[in-house]
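Colleague:
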Amino acid sequence: MFDTRYHLAMARLRFRQLQLISVLGRTHNLNAAARQLVMTQPAATKMLQEVEDIIGSNLFERLPRGMRPTEAGNLAVEYSHRAIDEAIRFLDDARVLREGGQGVLQVGSIMSAARSVVPTAIAAMKAARPMLTIRLMTGTSDQLVVALLQHRINLVIGQRSETTSYATNFHPLASEALTVFVSPDNPLAFAGGDIERMLDTPWVLQPITSPLRLAMERYFDGIGRHPGNIVETTSVYATIELVRQNGMVSVLANDIVAPEVGSGRIVGLPLEIHSERIQYGIITRADEEVDAITAQFSTILKNLPLTP
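Start counting the sequence shown at 0; every next residue gets the next number (numbering that gives the first Met the number 0).
#1: Around the C-beta of residue 130, are 16 or more other C-beta atoms found within 10 angstroms, so that it is buried, or is it exposed?
#2: Mind checking residue 263: buried by the 16 CB within 10 Å criterion, or exposed?
#3: Have a look at 142, 152, 153, 150 and flag the residue whose alpha-carbon is nearest the alpha-carbon of residue 159.
#4: Cα separation between residue 77 and residue 18?
#5: Determine the contact status of residue 198 and residue 225, defining contact as a CB-CB distance below 9 Å.
#6: Could you say which of 298, 11, 245 lies nearest to residue 172 if we only look at CA atoms?
#7: What do you get for residue 29, buried or exposed, if any count of 16 or more other CB atoms within 10 angstroms of its CB means buried?
#8: Alpha carbon to alpha carbon, what distance is there between residue 267 and residue 102?
#9: From what residue to what residue does the alpha helix (DSSP H) around residue 219 run?
#10: Determine the DSSP secondary structure at residue 176, reduced to helix, strand or coil.
#11: With H, G and I counted as helix, E and B as strand and the rest as coil, what does DSSP make of residue 256?
#12: From residue 149 to residue 86, what does the alpha carbon distance come to, in whole angstroms?
#13: Look at the alpha carbon of residue 296 and the alpha carbon of residue 135, and state the distance between them as a whole number of angstroms.
#14: How would you write the range of the alpha helix (DSSP H) that residue 16 sits in, first residue to last?
#15: Could you have a look at residue 198 and say whether DSSP puts it in helix, strand or coil?
#16: Name the two residues that bound the continuous beta strand (DSSP E) containing residue 128.
#17: Please report the straight-line C-alpha distance between residue 255 and residue 265, rounded to a whole angstrom.
#18: Can you round the beta-carbon distance between residue 323 and residue 138 to whole angstroms, since I take them to be within the 8 Å contact cut?
#19: How far does the alpha helix (DSSP H) with residue 107 in it reach, from first residue to last?
#20: To which residues of the same chain is residue 163 closer than 6 Å at the C-beta, ignoring the five residues directly before and after it?
#21: Between the C-alpha atoms of residue 121 and residue 242, what's the straight-line distance to the nearest angstrom?
#22: Please classify residue 34: does DSSP put it in a helix, a strand, or coil?
#23: Tell me, which residues are paired with residue 279 by DSSP?
#24: Hey, how far is the Cα of residue 40 from the Cα of residue 84?
#25: Among all the DSSP beta bridges, which residues are the ones paired with residue 267?
Here you go:
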């Protein structure tokens, strides 16, 4: 139900004002923002004052040279960016429908699922809805869930995070084993899984907020020692290249590592971390029902022959 407390403010707030806030957030200069929006600086000044009056807070601190967002301004800039992105997606989705399409499905997937279950599910979905536009975003589960909660994607195929479990629903699909690996010329490739030597070597790991990293932190806690020299990245490609070119150690899902091991680009190590299999599944927003297209894609995923 529409909250009547904000009725007057909503009636006064215009999309053009959000565009100004968004551009000001990037340029920090009113004259530059006015030029980008093809308006005069006095008109831009008046528009900014109108927005500040609506919100009841100063959004930008006026400096001798330029402007700096206040705390409320940072909030307004972030919201304006999101609103514009959503408007662009809405217009593009409407164009797809107008041109005979069957809508848009925006899917987020961890890399291991994107190389295994997702292509099969997308093929089945396209067979059922040939004119459906499907957009696939890959990343770590924590990144994708943020995009999900910001309504930038419809669902995520990834690992559940305890930090966002209150805001999401999770349906398990399968679990994935982890493989520790090095380059073929790394002395550790011939060390037979010597964990002490591994921990003395630089590691490439995902950020501490990712479920895979948290699984490895539990493993390190269990053996009573953690690597001290760490590079963090969310990029699978960068991870593999850092390992190959710089003598580092890393860990990824076996579905990602196996093809690289098979090609001889990297070597899997016999490190016993089987207890740290990570479950992944379908993640949706907890506060709303999914639309028909998302529900259909979820059903396809649930019916795939996967190993729990």
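Ideal Cβ placement from N, Cα and C applies to all residues, glycine included.
Modeller: According to the data block:
#1: By the neighbour-count rule (16 or more Cβ atoms within 10 Å), residue 130 is not buried but exposed.
#2: An exposed status is given to residue 263, since fewer than 16 other beta-carbon atoms sit within 10 Å of its beta-carbon.
#3: Considering only alpha carbons, the answer is 142.
#4: So the alpha carbons of these two residues sit roughly 11 Å apart.
#5: For the 9 Å CB-CB criterion, residue 198 and residue 225 form a contact.
#6: Measuring from the Cα of residue 172, the nearest candidate turns out to be 298.
#7: Around the beta carbon of residue 29, 16 or more other beta carbons sit within 10 angstroms, so the residue counts as buried.
#8: So the two alpha carbons sit approximately 42 Å from each other.
#9: Start and end: 210 to 222.
#10: Residue 176 falls in the coil class under three-state DSSP.
#11: Under the three-state reduction of DSSP output, residue 256 falls in the helix class.
#12: If I take the Cα positions, the gap works out to 13 Å.
#13: Going by the C-alpha atoms only, they are around 13 Å apart.
#14: Element bounds for residue 16: 14 to 26.
#15: The DSSP-derived three-state label of residue 198 is helix.
#16: Premise fails: residue 128 is in no beta strand (DSSP E) and is neither H nor E.
#17: The straight-line gap separating the alpha-carbon atoms of residue 255 and residue 265 is approximately 11 Å.
#18: Nothing can be reported for residue 323, as the shown portion of the chain is limited to 0 through 307.
#19: No alpha helix (DSSP H) contains residue 107, which is instead part of the beta strand (DSSP E) from 103 to 108.
#20: Cβ neighbours of residue 163 beyond the five flanking positions: 144.
#21: Distance between the alpha carbons of residue 121 and residue 242: 32 Å.
#22: In this structure, DSSP gives residue 34 a helical state, which the three-state scheme calls helix.
#23: BP columns for residue 279 point to 158, 173.
#24: When rounded, the separation of the alpha-carbon atoms in residue 40 and residue 84 is 25 Å.
#25: 180.
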